[in-house]
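According to the numbering used here, the sequence shown is numbered sequentially starting from 127. C-beta atoms are modelled at their ideal positions from N, C-alpha and C, and glycine is treated no differently. Bear in mind that the values here come from a model prediction, so they are computed numbers and not experimental data. What follows is a short report on a single structure.
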Amino acid sequence: MIGNDIIDLKVSLANKRAENHRFLRKIFNQDEILTIWNSKNPELMLWQFWSMKEAAYKAHQRKFNLARKLNPISYNCSLHSGDISGTVEIERETYILKTVINPEYIHTWVDSGKNIQKVYDNKSYSRRDLIQDIILELGLNNSYTSISKDLNGIPSLFLENDNKSIPFSLSHHGNFTALSIPLIMC
127 MIGNDIIDLK
137 VSLANKRAEN
147 HRFLRKIFNQ
157 DEILTIWNSK
167 NPELMLWQFW
177 SMKEAAYKAH
187 QRKFNLARKL
197 NPISYNCSLH
207 SGDISGTVEI
217 ERETYILKTV
227 INPEYIHTWV
237 DSGKNIQKVY
247 DNKSYSRRDL
257 IQDIILELGL
267 NNSYTSISKD
277 LNGIPSLFLE
287 NDNKSIPFSL
297 SHHGNFTALS
307 IPLIMC
């Protein structure tokens, strides 16, 4: 299972969403709202929960080959010790997630074993640079590689010479792009 999300904190923290009760009630359940309000930094906690829900949603969509339908209020987040890992429950599925928070971004991914997690600064990397970096990271020797999406918008790395697709999760926000690739698929 793969899914990830990136939040550019410069963009998101400017919105002050933790003070917007209407927004909170649309996205978060009562326990999540209380956790947000009781945290040391409510805005950061809000965006961590959002990132967790997005990453789990992407994994759930891929796992069950679902059409796009984000319903974050129905996804239940809980944090584990240290606030860098947690779970999201969607229907009867539970997704285990890891989060990295630094001054510039929040990056969350589904922790399902051996995955490559990378964050790129969009000012330094083009889409072609991103593909080349993935090829190098995975040790692939393929000059005809592209990113393609299926009918549900789920991305894969397509290796034209081998007629092979490698699933991965791609996320963009503000100045950042993040991805998660399962090593088992390479």
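Counting only the Cα atoms, K290 lies some 31 Å from V214. In the three-state scheme derived from DSSP, where H, G and I count as helix and E and B as strand, P293 is classed as strand.
With respect to the 9 Å criterion, L277 and F294 are not classified as neighbours on the basis of their beta carbons.
As computed with DSSP, T213 is found in a beta bridge with S204, I222. Ranked by Cα distance from S297, the first of D288, E263, Q243 is Q243.
Excluding five sequence positions before and after F175, the CB atoms of its chain that fall closer than 6 Å to its own CB belong to E158, C203, given in chain order.
Secondary structure at N191: coil, using DSSP grouped into helix, strand and coil.
With a contact defined as Cβ atoms closer than 8 Å, I257 and I273 qualify at about 7 Å.
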